[in-house]
Amino acid sequence: MRTQDETAMASASRYGGEADNSRSSVAIEAIGLTKDYGEGDTVVHALRGVDVCFEQGRFTAIMGPSGSGKSTLMHTLAGLDSATSGHILLGGEDLTAMNDRQLTLLRRKRIGFIFQSFNLLPMFTAEQNILMPLTLAGAKPDRGWMRTLVRTLGLEQRLNHRPNELSGGQQQRVAIARALITRPSVVFADEPTGNLDSVSSAEVLDFLKRSVRELKQTIIMVTHDAVAASYADRAIVFADGRIVADEPNPTADRMNELLMEERQRATALAMTY
Ligand SMILES: Nc1ncnc2c1ncn2[C@@H]1O[C@H](COP(=O)(O)OP(=O)(O)OP(=O)(O)O)[C@@H](O)[C@H]1O
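Counting in our numbering, the sequence shown runs without a single skipped number right up to 365 at its last residue.
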């Protein structure tokens with residue numbers, strides 16, 4: 093196990109030693125993160141020593157073949173799943189050293205989630221759904237921030253509607269507002285456009301991008317769609333529990349190319365066995 097100083101040094105090394113200035117812009121980072129499922133002959137190494145930083149105010153996409161570890165990375169970073177070894181620093185605090193109660197509080201206050209299936213509560217209005225994280229925490233809404241979110245997401249005319257009175261795209265916009273209402277340090281989006289048609293997908297991705305540009309939010313999105321990844325500022329490709337590519341300003345063509353290269357590499361490897 094590393095000491096705190098060793099953790100800080102490992103973290104600083106990812107910036108070529110410019111630790112102090114650049115660290116202030118880091119939202120969350122993983123250091124030597126591993127996650128194994130099972131043990132012995134049946135062990136699955138889902139994460140194999142992942143080192144990665146996610147900067148504040150940036151939109152990052154995570155891509156990769158099925159089973160490569162994308163969801164495991166997201167769940168572990170969000171404190172939903174425990175790491176086997178390594179560290180996760182959120183605003184300088186190590187999640188891997190926290191107990192369940194501390195993790196629950198941290199998730200409630202500092203992490204937002206957006207799911208493929210929206211996960212809105214059907215008996216509540218859009219407004220009640222958006223405010224739900226605050227209601228559950230017994231916290232008062234910041235009305236100014238609520239207005240900003242509602243305006244940015246174009247939900248002014250939809251606040252009194254229940255989810256079944258909204259289109260898929262509108263429901264996902266409500267879910268985005270709900271994820272952002274606590275002004276979290278980081279928002280994890282798991283295939284947020286997986287259930288949407290291409291027009292609604294483009295709309296939702298545009299809003300995610302605006303949340304980053306205009307509202308200074310930090311978003312990490314898992315997606316299988318290279319076009320969705322092209323809305324991000326950065327795209328990471330995962331394979332076999334490791335990062336195999338890290339692309340700034342990704343285009344859909346470039347991401348398809350990287351995914352194809354990874355598929356060819358995996359096929360060539362399989363043929364040598
Ligand atoms: N609870 C679990 N128990 C055992 N193995 C698991 C568990 N969750 C994930 N795995 C395994 O860990 C590896 C990584 O899975 P993960 O779900 O993170 O991949 P993924 O890239 O998100 O895949 P997909 O794109 O299909 O969602 C896979 O081999 C998977 O079978």
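All C-beta atoms, glycine included, are put in the ideal place defined by N, C-alpha and C.
The structure displayed is predicted, hence computed values, not measured ones.
- Residues 265, 268, 269, 299 of the same chain have their beta carbon placed closer than 7 angstroms to that of residue 245, with the five preceding and five following residues left out of the count.
- Per the C-alpha coordinates, the member of 277, 280, 261, 308 positioned closest to residue 293 is 261.
- Contact between residue 125 and residue 141 holds, with the beta-carbon distance rounding to 7 angstroms and staying under 8 angstroms.
- Residue 206 holds the alpha-carbon nearest to the alpha-carbon of residue 296 among 256, 213, 343, 206.
- Residue 290 and residue 233 have their C-alpha atoms spaced approximately 33 angstroms apart.
- For residue 280, the enclosing beta strand (DSSP E) has its first and last residue at 278-282.
- Here residue 364 is exposed. Its C-beta has fewer than 16 other C-beta atoms within 10 Å.
- For residue 308, there is no enclosing alpha helix (DSSP H), as DSSP gives it neither H nor E.
- Pairing residue 128 with residue 161, the inter-Cα distance amounts to about 11 angstroms.
- From the listed residues 229, 351, 167, 222, the smallest Cα separation to residue 251 is found for 222.
- Judged by DSSP secondary structure, residue 253 falls outside any alpha helix (DSSP H); it is assigned neither H nor E.
- Annotation: residue 172 to residue 328 spans about 21 angstroms, alpha carbon to alpha carbon.
- Looking from the CA of residue 281, the closest CA among 225, 168, 184, 312 belongs to 312.
- Within 8 angstroms of the C-beta of residue 314 there is at least one heavy atom belonging to ligand 1.
- For residue 128, the enclosing beta strand (DSSP E) stretches over residues 118-129.
- Here the distance from the Cβ of residue 177 to the nearest heavy atom of ligand 1 is not below 8 angstroms.
- In the displayed model, residue 167 falls within a helix according to three-state DSSP.
- Residue 183 counts as exposed, since fewer than 16 other C-beta atoms from the protein chains shown sit within 10 angstroms of its C-beta.
- In this structure, residue 315 lies away from residue 147, with their beta-carbon atoms at least 9 angstroms apart.
- For residue 299, the three-state secondary structure derived from DSSP is helix.
- Ligand 1 approaches residue 158 closely enough that one of its heavy atoms is under 8 angstroms from the residue's Cβ.
- Remark: C-beta atoms of residue 201 and residue 276 approach each other more closely than 9 angstroms.
- Following the DSSP letters along the chain, one finds residue 340 inside the beta strand (DSSP E) bounded by residues 334-340.
- Using a Cβ distance threshold of 9 angstroms, residue 321 and residue 344 count as a contacting pair.
- If you ignore the 5 residues before and after residue 177, its C-beta comes within less than 6 angstroms of the C-beta of 126, all in its own chain and listed in chain order.
- When 198, 180, 194, 306 are compared, the shortest CA-CA separation from residue 241 is found for 306.
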